[in-house]
Amino acid sequence: MSAYRDKDPLIHGIQSKIRVVPNFPKPGIMFQDITTLLLDPKAFKDTVDLFVERYKGKNISVVAGIEARGFIFGPPIALEIGAKFVPLRKPKKLPGKVISEEYVLEYGKDCLEMHVGAVEPGERALVVDDLIATGGTLCAAMQLLERVGAEVVECACVIELPDLKGRERLNGKPLYVLVESR
Amino acid sequence: MSAYRDKDPRIHGIQSKIRVVPNFPKPGIMFQDITTLLLDPKAFKDTVDLFVERYKGKNISVVAGIEARGFIFGPPIALEIGAKFVPLRKPKKLPGRVISEEYELEYGRDCLEMHLGAVEPGEQALVVDDLIATGGTLCAAMKLLERVGADVVECACVIELPDLKGRERLNGKPLYVLLESH
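Shown next as structure tokens:
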């Protein structure tokens, strides 16, 4: 589901603030830059509010954000809905005991980590990131939460790149986005 | 200045949620882990509220957050005080045109980057991070803002390690922290 299809009038304002940077980080990639959205306090607030309206009062106790841009959108949502915020990080950043989930990149592998004990079995969780492309990172994030017995209610991103079919990699879990970019 | 010395009643709750992890990332370092604070919605909200109460209505138009833990505290503050959020990042993460500021580490150097055009001359800015140790990163952050003509009003951190004298590296700029750890 995407708010874009609902044609919410706020969406147009949000989309207009996202800057596309060609050939970053490498030739051929049209990078969706959300930093320009963060420079507009109203548009940034509208972004957070759209997620908060969807998730408030739904008994969600965990918002997991993917390093690093998920750290920008996740905490404001968590604070507003009264949930804990759980950072999911690149290897060796989190101190103490962690669990790791490996995932495949275009070339090679990467790894996402979560603190042991941050999430209890049975908790209802959201996964938040700025963008879903192939879905590899979001999929790894969901696995981490499910491995500790949490229920992933939904994945939430500002932007989806539908042509990369990331939605299909989420094992049937719902995905909610504000904006699609083709 | 620190809220700790002011003995705001919320401080004790916040401090009790910070976990110290010995020998991370290397032997001899007592790592101040704020992730356990983020697991307590009330304590996390109190943390943000203490900064918002201090900075609301002071004409601050920029909150600059240092990657990555400054991305957790900066955006909620920015949203509440109606300021833009500007991420300050490790090299090669920000797309498009950036300015860079190098700084010294214990062994070697690192670099912080900011988008060109994110901040206008004359804007009043805060710099936010989870912790100040030697002050090297905060100092680099302030330089980036000053180089584009902004006025750094204050640096704001959850935790200070006073024994490392980071406060003295801030070129006379004020520092506000919630907690000290000796």
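Chains as they are written, first to last, in full-length UniProt numbering: chain A, 1 to 182; chain B, 1 to 182.
Beta carbons: idealized from backbone N, C-alpha and C, even for Gly.
- Taking a cut-off of 8 Å on C-beta distances, the stretch 161-179 of chain A does not touch the stretch 87-104 of chain A, as fewer than three cross pairs fall below it.
- Sequence-distant Cβ neighbours of S181(B) in its own chain, meaning closer than 7 Å and more than five residues away, are Q32, I159 and L161.
- Counting only Cβ-Cβ distances below 9 Å, F51(B) has no contacts in chain A at all, with the closest Cβ about 12 Å away.
- Exposed is the label assigned to Y107(A), since fewer than 16 other Cβ atoms lie within 10 Å of its Cβ.
- Look at the UniProt domain "Phosphoribosyltransferase" (49-164) of chain A and you find these whole runs of alpha helix (DSSP H), each 4 residues long or longer: 70-81 and 136-147.
- In the three-state reduction of the DSSP assignment, Y107(B) falls in the coil class.
- A43(A) sits away from V63(A), with the two beta carbons spaced by 8 Å or more.
- The shortest C-alpha to C-alpha distance from V153(A) to any of G172(A), L94(A) and P25(A) is the one to G172(A).
- Annotation: Cβ neighbours of K45(B) in chain A (cutoff 7 Å, chain order): L79.
- Under the DSSP definition of a beta bridge, Q15(A) lacks any partner.
- Neighbours of A68(B) in chain A, taken as residues whose beta carbon is under 7 Å from its own, are E67, A68 and F71 in chain order.
- CA-to-CA, the gap between G96(B) and F51(A) works out to about 28 Å.
- Exclusion of the five residues before and after L38(B) leaves F44 as the residues of its chain whose Cβ lies within less than 6 Å of its Cβ.
- Taking each of G122(A), K93(A) and T134(A) in turn and checking the Cα distance to M114(A), the smallest one comes out for K93(A).
- Residues of chain A whose Cβ lies closer than 8 Å to the Cβ of G82(B) are, in chain order, P41.
- If you draw a 10 Å sphere on the C-beta of V20(A), you find fewer than 16 other C-beta atoms in it, and that means exposed.
- Against G96(A), the close residues of chain B are R19, V21, F24 and D33, in the order they occur along the chain (beta-carbon pairs closer than 8 Å).
- Excluding sequence positions up to five before and after R167(A), its CB lies within less than 6 Å of the CB of L175, all in the same chain and listed in chain order.
- Contact between G65(A) and P76(A) is ruled out by a C-beta separation of about 10 Å, above the 8 Å threshold.
- The alpha-carbon of G122(B) is positioned some 5 Å away from that of A150(B).
- Taken in chain order, the complete beta strand (DSSP E) segments of 3 residues or longer contained in the stretch 90-159 of chain B are 98-104, 109-115 and 124-132.
- The DSSP-derived three-state label of F24(A) is coil.
- By the CB criterion at 8 Å, A125(B) and A64(B) fall inside the cutoff.
- A residue is called buried when at least 16 other Cβ atoms come within 10 angstroms of its Cβ; I132(B) meets this threshold and is buried.
- Put simply, the stretch 45-64 of chain B touches the stretch 72-87 of chain B. At least three CB pairs are less than 8 Å apart.
- Contact holds between the stretch 155-162 of chain A and the stretch 119-132 of chain A, because three or more Cβ pairs, one in each stretch, are under 8 Å apart.
- Looking at the DSSP output, I66(B) bridges to L88(B).
- Considering only L105(B), V52(B), H12(B) and L179(B), the residue with the shortest C-alpha distance to L138(B) is L105(B).
- Counting the other Cβ atoms within 10 Å of the Cβ of E154(B) gives 16 or more, which makes it buried.
- Counting along the chain, the unbroken alpha helix (DSSP H) around L37(B) starts and ends at T35 to L38.
- For the C-beta of L131(B), not a single chain A residue is nearer than 9 Å; the gap to the nearest is close to 13 Å.
- Under the 10 Å beta carbon count, I34(B) is surrounded by 16 or more other beta carbons and is classified as buried.
- Taken through DSSP and simplified to helix, strand or coil, D49(B) comes out as helix.
- Closer than 8 Å to the CB of G82(A) there is at least one CB belonging to chain B.
- Classified as exposed, C111(B) has fewer than 16 neighbouring CB atoms from the shown chains inside 10 Å of its CB.
- Sixteen is the threshold: when 16 or more other Cβ atoms of the shown chains lie within 10 Å of the Cβ of G136(A), as they do, the residue is buried.
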